[in-house]
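Just below is one structure, and these are the notes that go with it.
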Amino acid sequence: AALSESNLETHVGALTLSAKFNPVKEAYWTGYPKHRRTPFSVSPDRKSAYLAYLDSSDVNVHVQQVDPSTFSAVGEKVTITGAKEAGGLVAHNDGFALLTNEPVPSGTANAPPGSTPVAVLYRYTSGKQTWKTWLGGPTVEGSSGHTSSPDLNGDLVYSETAKKYGAYFVVTAYDGSASGHFGDTVQYVSDSGTLEKIAGATSDGFGCSHNTGLALEAADAPPYASVCAEDQGNIWLNTETQSMRGVKVSNENVTNGASNEALGGTSGSYSSLARMVDSNEYILTWVSKGAKDLSTNDWLGKPYTHSVNRTANRNVAIARFSDKKTLVGEQATSTLGGSGDDQVNWITTGTADRSNAHVAAFDSTNALVTYEEIASPNCPLIAFGCEGAFSGSFFQLVNKGEKVGEPVKKTDVYVAGDIVTMGTGKVCWPYVDMAWDLKASAGRSNAAVSAISFACMSLDGSASSGNSSSPAPASPSSAAAPASSSTGVKDVSVSPSAAATPSQAPTSAVAPAPQASSSGLPSF
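Heads up: the sequence shown runs through residues 1482 to 2005, numbered per the numbering used here.
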């Protein structure tokens, strides 16, 4: 049956914060308003949850334990002093792991200039730091050089089966062959905090050039399922390549490195890819302006193409993967001259602009796809988002890739953090109870709030709070590691499968990293 309002429950202001939080972040280049992500995760035993948020001062990330029934605070918050971004969170039965970015200690040799932050993974057990592992900076070097992460815009996952964390995030090279350019990287860390160099899974240098959005989800073994939107005109299922090749999911217009914020844009690289419960299948959602009039990419050649936007506004699409590396249905075409989006499974159509698309699995066949809408959008920039009056959030049930009924519409509930599968056909996520606005001027908000709300959607039409004892797809090791700061890299050999076609493609296409601006298009 289709979802209705009886499937939705809200816990308005349930979590009182002990530090202020600014829920609005300006989008890269346009300055349009985006939800500032609040990473959320529930432990495998379903007895505890954690929420991470950036202090309103823009320095220090706080992690608060949360009761998964009432969503109220449990105990005191943990503060990671000096951290700049809440980039990904994994809840464990005995604590949590946080992906963030921070400057390396003063005086460190070969550090990024100007105290530029570097990606780092923290593990906390029972409120105390267990280990800390740098994922970039002077101790981690790839073929592109040493990297920092001034804009992390990434995600963190953990596999109970593999006993490894996977982190996928944006990096900027500050030396080496790619100095001054930005792309992305996939890194793996063991339960004990060791950064592992896994053949066929760990990135060596940049993956997707000028990454404009990414998605990561755990698998039973590395490489984990990953997707990127790059600066040459495609969205790739790049699980096996960790780069801008693999399985071509979608053609997208790219202008000056931007691709319509297909996978969320600023602060939006989360809950775009979900693994179905007790299944090897995955589901991806993104927003797109469609693609037509495919033409030759003179720089990179086949199978890369350029395309023209079909519409000025964006609509919501989904794709299914039968496993972490295989698309259900046809890849996006590389045939020149014609339509570039005939294979796309559209969830919406029409002239309204849709954004902030996310997905979560209810069970092995049903998923929730969510998005926001501007009914009468203003879309002045060819490869970016739109602005205008917010007309609602929508919650669409999907079964095996097909829409079920009409979406639930709400004007006072939003998705502003990870959508978590709670078990027994229920998913929950955090948001801020506020008058949400998608007009351009709203991006400059300096609002600070002291409470987080939560919403849950259930399949059975009787949403209610309560712990679930159903098993989680990922859980931590039961043994806590000794406190340490890991800097070494461990080489691990695996036997990756042959890369999906197309196979003859460059690892990445590098272009200069832009400087932030709030007006017009970037120029490289």
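Note that the Cβ used here is the ideal one computed from N, Cα and C, for glycine as well. Computed from a predicted model, the values in this text were never measured in an experiment.
So, at 8 Å on beta carbons, what are the nonlocal neighbours of residue i in its own chain, with the 5 sequence-adjacent residues on each side left out?
{"i": "residue 1886", "result": "1482, 1483, 1484, 1878"}
{"i": "residue 1553", "result": "1495, 1496, 1497, 1547"}
{"i": "residue 1619", "result": "1585, 1589, 1590, 1591, 1592, 1627"}
{"i": "residue 1814", "result": "1732, 1775, 1820, 1821, 1823, 1824"}
{"i": "residue 1778", "result": "1713, 1714, 1785, 1786, 1787"}
Let me know the secondary structure DSSP gives residue i once reduced to three states.
{"i": "residue 1924", "result": "helix"}
{"i": "residue 1853", "result": "strand"}
{"i": "residue 1847", "result": "strand"}
{"i": "residue 1869", "result": "strand"}
{"i": "residue 1732", "result": "strand"}
{"i": "residue 1501", "result": "strand"}
{"i": "residue 1595", "result": "helix"}
{"i": "residue 1550", "result": "coil"}
{"i": "residue 1945", "result": "Residue confidence is low: residue 1945 scores 48 on pLDDT, short of 50, so the model does not pin down where it sits. No coordinate-derived value is stated."}
{"i": "residue 1934", "result": "strand"}
{"i": "residue 1488", "result": "helix"}
{"i": "residue 1860", "result": "coil"}
{"i": "residue 1455", "result": "The question about residue 1455 has no answer here: the residues shown for the chain are numbered 1482 through 2005."}
{"i": "residue 1775", "result": "strand"}
{"i": "residue 1514", "result": "strand"}
{"i": "residue 1636", "result": "strand"}
Among the candidates the options, whose CA atom is the shortest distance from the CA of residue i?
{"i": "residue 1566", "options": "1575, 1580, 1557", "result": "1580"}
{"i": "residue 1578", "options": "1533, 1599, 1888", "result": "1533"}
{"i": "residue 1799", "options": "1725, 1883, 1748", "result": "1883"}
{"i": "residue 1749", "options": "1815, 1846, 1929, 1635", "result": "1635"}
{"i": "residue 1829", "options": "1698, 1851, 1715, 1819", "result": "1851"}
{"i": "residue 1645", "options": "1662, 1679, 1530, 1760", "result": "1679"}
{"i": "residue 1838", "options": "1803, 1769, 1784", "result": "1769"}
{"i": "residue 1870", "options": "1881, 1862, 1861, 1855", "result": "1855"}
{"i": "residue 1556", "options": "1740, 1531, 1541, 1663", "result": "1531"}
{"i": "residue 1696", "options": "1827, 1773, 1805", "result": "1805"}
{"i": "residue 1575", "options": "1861, 1672, 1727, 1902", "result": "1672"}
{"i": "residue 1780", "options": "1518, 1713, 1911", "result": "1713"}
{"i": "residue 1490", "options": "1894, 1654, 1766, 1757", "result": "1894"}
{"i": "residue 1704", "options": "1710, 1715, 1692, 1684", "result": "1684"}
{"i": "residue 1782", "options": "1737, 1726, 1811", "result": "1726"}
{"i": "residue 1872", "options": "1891, 1880, 1866", "result": "1891"}
{"i": "residue 1848", "options": "1771, 1765, 1827, 1517", "result": "1765"}
{"i": "residue 1803", "options": "1818, 1761, 1816, 1827", "result": "1761"}
Taking CB distances under 8 Å as the criterion, tell me whether residue i reaches chain C.
{"i": "residue 1615", "result": "Absent from the structure: chain C. Only one protein chain is present."}
Please report how far the alpha carbon of residue i lies from the alpha carbon of residue j, in whole angstroms.
{"i": "residue 1665", "j": "residue 1632", "result": "11 Å"}
{"i": "residue 1753", "j": "residue 1840", "result": "6 Å"}
{"i": "residue 1597", "j": "residue 1630", "result": "7 Å"}
{"i": "residue 1833", "j": "residue 1624", "result": "43 Å"}
{"i": "residue 1488", "j": "residue 1928", "result": "31 Å"}
{"i": "residue 1759", "j": "residue 1521", "result": "21 Å"}
{"i": "residue 1735", "j": "residue 1743", "result": "11 Å"}
{"i": "residue 1864", "j": "residue 1723", "result": "24 Å"}
{"i": "residue 1599", "j": "residue 1615", "result": "8 Å"}
{"i": "residue 1594", "j": "residue 1660", "result": "12 Å"}
{"i": "residue 1717", "j": "residue 1688", "result": "11 Å"}
{"i": "residue 1690", "j": "residue 1682", "result": "18 Å"}
{"i": "residue 1486", "j": "residue 1912", "result": "17 Å"}
{"i": "residue 1563", "j": "residue 1676", "result": "22 Å"}
{"i": "residue 1657", "j": "residue 1807", "result": "34 Å"}
{"i": "residue 1571", "j": "residue 1763", "result": "19 Å"}
{"i": "residue 1686", "j": "residue 1654", "result": "9 Å"}
{"i": "residue 1729", "j": "residue 1674", "result": "34 Å"}
{"i": "residue 1831", "j": "residue 1857", "result": "11 Å"}
{"i": "residue 1526", "j": "residue 1903", "result": "10 Å"}
{"i": "residue 1917", "j": "residue 1897", "result": "11 Å"}
Cutting at 7 Å between CB atoms, please list the residues of its own chain near residue i, excluding the five before and the five after it.
{"i": "residue 1906", "result": "1843, 1844, 1939, 1940, 1941"}
{"i": "residue 1701", "result": "1640, 1642, 1643"}
{"i": "residue 1537", "result": "1501, 1502, 1503, 1929"}
{"i": "residue 1493", "result": "1914, 1934"}
{"i": "residue 1649", "result": "1635, 1636, 1665, 1667, 1695, 1697, 1707"}
Ordered along the chain, which non-local residues of its own chain (more than five positions away) have a Cβ less than 6 Å from that of residue i?
{"i": "residue 1543", "result": "1500, 1534, 1558, 1560"}
{"i": "residue 1888", "result": "1875, 1876, 1877"}
{"i": "residue 1515", "result": "1506, 1508, 1747, 1748"}
{"i": "residue 1835", "result": "1768, 1795, 1796, 1797, 1829, 1852, 1854"}
{"i": "residue 1926", "result": "1505"}
{"i": "residue 1920", "result": "1868"}
{"i": "residue 1924", "result": "1507, 1512, 1513, 1514"}
{"i": "residue 1710", "result": "1693, 1694, 1716, 1740, 1743, 1744"}
{"i": "residue 1793", "result": "1860"}
{"i": "residue 2009", "result": "Absent from the model: residue 2009. The displayed extent of the chain is 1482 to 2005, so no value can be given."}
Is any heavy atom of the ligand HEM found at a distance shorter than 7 Å from the C-beta of residue i?
{"i": "residue 1778", "result": "Among the ligands in the structure shown, none appear at all, so the ligand HEM cannot be discussed."}
Discussion item. Runs of 3 residues minimum, wholly inside the region 1643-1707: which ones carry the beta strand (DSSP E) assignment?
Written reply: 1645-1654, 1663-1671, 1676-1679, 1695-1698
Discussion item. Going residue by residue through the region 1784-1820, where are the continuous beta strand (DSSP E) segments of at least 3 residues, counting only ones entirely within it?
Written reply: 1786-1789, 1796-1804
Discussion item. Just to confirm the assignment: which complete beta strand (DSSP E) runs, minimum length 3, are found wholly within the region 1558-1609?
Written reply: 1559-1561, 1569-1573, 1576-1583, 1599-1606
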